[in-house]
Amino acid sequence: MKRTIEFELNGQLVSAEVGGGQTLLELLRQRFELTGVKEGCGAGECGACTVIVDGRALTACIYPAMEAEGRSVTTIEGLATAEGALHPLQSAFVEHGAVQCGFCTPGNVLSAKALLDQNPDPSEDEIRTALEGNLCRCTGYQQIIEAVKAAAGRKP
Amino acid sequence: MKDISYHKPITLEEALTLKRELGPGAHYISGGTDVMVLRRQRKLDPTALISLLHVGGLAGLRWEGEVLRLGAATTLCDILADRGLHERLPALTDAVRVMGSTQMRNVATMGGNVMSAAPSGDTLCPLLCLGASCRLVGEEGERLVPLDEFFVGPRQNAARPEEILTELVVPLPGPRSSGAFIKLTRRAALDLALLNMAVQLWLSPDGARLEKARVAAGVVAPTPLRLCGAEEALTGQPATTATLERAAQAIGGECSPRDSHRCSAWYREEMLRVLLVRAASTALARLGLDFALSGPEI
Ligand SMILES: Cc1cc2nc3c(=O)[nH]c(=O)nc-3n(C[C@H](O)[C@H](O)[C@H](O)COP(=O)(O)OP(=O)(O)OC[C@H]3O[C@@H](n4cnc5c(N)ncnc54)[C@H](O)[C@@H]3O)c2cc1C
Ligand code: FES
Ligand code: FES
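Chains U and X, in that order, are what the protein sequence lines are. Everything in the first sequence is counted per the numbering used here, starting at 1 for the first residue and increasing by one. Everything in the second sequence is counted per the numbering used here, starting at 1001 for the first residue and increasing by one.
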């Protein structure tokens, strides 16, 4: 049964017709064509679909789209400025070789963003905990950790 | 997948009415980290979902005298955000810290973990050791069910289908008591327990003896289980390594671990004894006794 909901998406108020069984991942990719939200496992275990909802990172593949109603959702498409300037985390990922195939990158950047927004000066342990739900088959993780450390010192 | 309806009641009465009107195909959902996965795996095929996240008063911690009232919709990340909780109920926070991932803890709820009643559910053993009860509200009113009577089979609990868990009532163990939880896994995050264990120990006023002990383990039987043999072997005994080792040997008959693709029954049985000594040592170290912690204290 479909219903129209309103929510904030990357800073803009949007409305969409949503099905009761739809996931936030399906809504973002299919209706809004935000394909930076990746589907890996579809079961909460890889983090490729990570988005930020009301300041908290979560896996959109198992989050009901209906629960986005009235909330604020940020995807990777919402990070760079309108002029195309990268977010400090995105620049740091590029500079530190934290991107290889790139499939896990949106999720890793958003998990890191949720951390830095709450805790601008995290310890390495805190960084590792924030990223523990994001699997990467390529980089070996170390470059990602280094990128987050580097970004932590910079103002967005 | 066929489309279904999604409801967001804001009172318990409204939620119960929806459940009655929508019938047996309607399913409650809180964080959805269990429901949404089961639905995708086609192990659950609800015709409607009734979200409990918007029902007033279901989230949050209330300290009331000798008890902690833990709202069913409290998320795992809210549990970790409360420093007082780690000081007073460390077995519970030990468990929550090693559950799922940051993204999962941001949405998964305490109530969802208890109601799923999985043999590996990580908060279940600490809650059993603390003597917690479930407050359930249903068509016939409200009742308080001790957790000791709540788990009746793998993923089966004693609640009626329409009953809503509103809170967990946790008696506070007091200053002469501490606890610990250990989860045996192959990797640190995003892994279900091969075995998990919680202990809660109470010292005598002079600190020399164990006045009371509770031990519970998961993935050793169809439900999380109190290990009564070990509890008896600890009670009244001096707080020494020898006592802990005797208690480990007293783990017995009630456990029926199985071989699974995760690990063998033999390994589970052996590790059960190891975990008991480690968890009890950690609890005693937290009480200021000269025992080793099983991991870094945060
Ligand atoms: C990636 C991932 C990792 C996981 N890791 C772990 C782990 O390490 N340890 C672990 O124990 N579990 C784990 N789980 C399982 C699950 O996430 C937890 O059990 C979680 O606590 C469930 O909470 P929830 O709010 O998401 O439950 P939901 O999915 O919303 O609900 C679970 C069940 O409880 C019922 N329910 C929920 N709330 C109520 C209520 N208030 N009253 C009555 N019924 C209710 C629902 O109808 C459903 O049957 C994991 C799951 C995922 C997807
Ligand atoms: S696609 Fe969502 S966690 Fe893997
Ligand atoms: S860069 Fe390929 S999965 Fe991480």
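Just so it is clear, CB atoms sit at the ideal spot from N, CA and C, and this is done for glycine as well.
query, result
"Residues that DSSP places opposite A1213 of chain X in a beta bridge", "X:L1201"
"Reference L1016 of chain X, options X:G1032, X:M1197 and X:E1162, closest by Cα", "X:E1162"
"Test: A1189 of chain X CB closer than 8 Å to a CB of chain U", "yes"
"Chain-ordered neighbours of I144 of chain U on chain X, where CB pairs are closer than 7 Å", "What I144 of chain U touches in chain X: nothing, since even the nearest Cβ is about 14 Å away."
"CB of A1217 of chain X within 8 Å of CB of C1125 of chain X, strictly", "yes"
"Check your reading: residues with Cβ closer than 7 Å to ligand 2 heavy atoms", "U:L25, U:K38, U:E39, U:G40, U:C41, U:G42, U:A43, U:G44, U:E45, U:C46, U:G47, U:A48, U:C49, U:T59, U:A60, U:C61 and U:I62"
"Proximal residues of chain U, C-beta to C-beta of D1003 of chain X below 9 Å", "M1, K2, G19, G20, G21 and Q22"
"Beta-carbon spacing of L1049 of chain X, I1079 of chain X below 8 Å", "no"
"S15 of chain U to L28 of chain U span [Cα, whole Å]", "12 Å"
"C-alpha gap between Q1249 of chain X and D1034 of chain X, whole angstroms", "36 Å"
"Alpha carbon of A1221 of chain X to alpha carbon of R1187 of chain X, nearest angstrom", "22 Å"
"Pairwise C-alpha distance: A150 of chain U and C136 of chain U", "19 Å"
"Check: R137 of chain U C-beta below 7 Å from any heavy atom of ligand 3", "yes"
"Under the three-state DSSP convention, the category G1023 of chain X falls into", "coil"
"Whole-number beta carbon distance between R1209 of chain X and G1236 of chain X, since they are thought to touch under 8 Å", "6 Å"
"Cβ neighbours of K38 of chain U in the same chain (closer than 8 Å, five flanking residues each side left out)", "A48, C49, F103, C104, P106 and G107"
"DSSP state of R1268 of chain X mapped onto helix, strand, coil", "helix"
"Near ligand 1: V1094 of chain X beta-carbon under 7 Å from a heavy atom", "Looking at the sequence shown, residue 1094 of chain X is not Val but Asp. Flag unset: Cβ of D1094 of chain X not near ligand 1."
"Any alpha helix (DSSP H) of 4 or more consecutive residues that is wholly inside the segment 1062 to 1149 of chain X", "1076 to 1081, 1083 to 1088, 1090 to 1097, 1102 to 1107, 1110 to 1116 and 1124 to 1130"
"Of the listed residues U:E146, U:N134, U:I144 and U:A92, nearest to C46 of chain U (C-alpha basis)", "U:N134"
"For V1219 of chain X, the first and last residue of its enclosing alpha helix (DSSP H)", "That residue, V1219 of chain X, is in no alpha helix (DSSP H); it is neither H nor E in DSSP."
"Interface residues of the segment 51 to 77 of chain U facing chain X [CB-CB below 9 Å]", "V53, R56, A57, L58, T59, C61, I62, Y63, P64, A65, M66, E67 and E69"
"Chain U residues whose Cβ lies nearer than 9 Å to that of M1036 of chain X", "T23, A43, G44, C61, I62, Y63 and P64"
"Straight-line gap, L1194 of chain X to V1098 of chain X (C-alpha atoms, nearest Å)", "13 Å"
"Contact with chain U by M1104 of chain X, beta-carbon distance below 8 Å", "yes"
"Residues, ordered as in the chain, of the segment 1054 to 1066 of chain X that lie near chain U by beta-carbon distance below 7 Å", "none"
"G1111 of chain X beta carbon less than 8 Å from that of L1190 of chain X", "no"
"Complete beta strand (DSSP E) runs within the segment 46 to 106 of chain U (minimum length 3 residues, chain order)", "50 to 53, 56 to 59 and 72 to 74"
"Residues near C1077 of chain X in its chain [Cβ-Cβ closer than 6 Å; skip 5 each side]", "R1105 and N1106"
"Residues near S1116 of chain X by beta carbon distance below 6 Å, same chain, minus five either side", "D1034"
"CB of A1180 of chain X within 8 Å of CB of S1294 of chain X, strictly", "yes"
"Residue span of the beta strand (DSSP E) that contains I127 of chain U, given as start and end", "I127 of chain U -> not in any beta strand (DSSP E); alpha helix (DSSP H) instead, spanning E124 to A130."
"DSSP-derived helix/strand/coil call for T4 of chain U", "strand"
"Continuous beta strand (DSSP E) stretch holding A16 of chain U: start and end", "Q12 to G19"
"8 Å contact criterion, which P1171 of chain X and E1066 of chain X should meet: CB distance rounded", "6 Å"
"Sub-8 Å separation of A57 of chain U and A114 of chain U beta-carbons", "yes"
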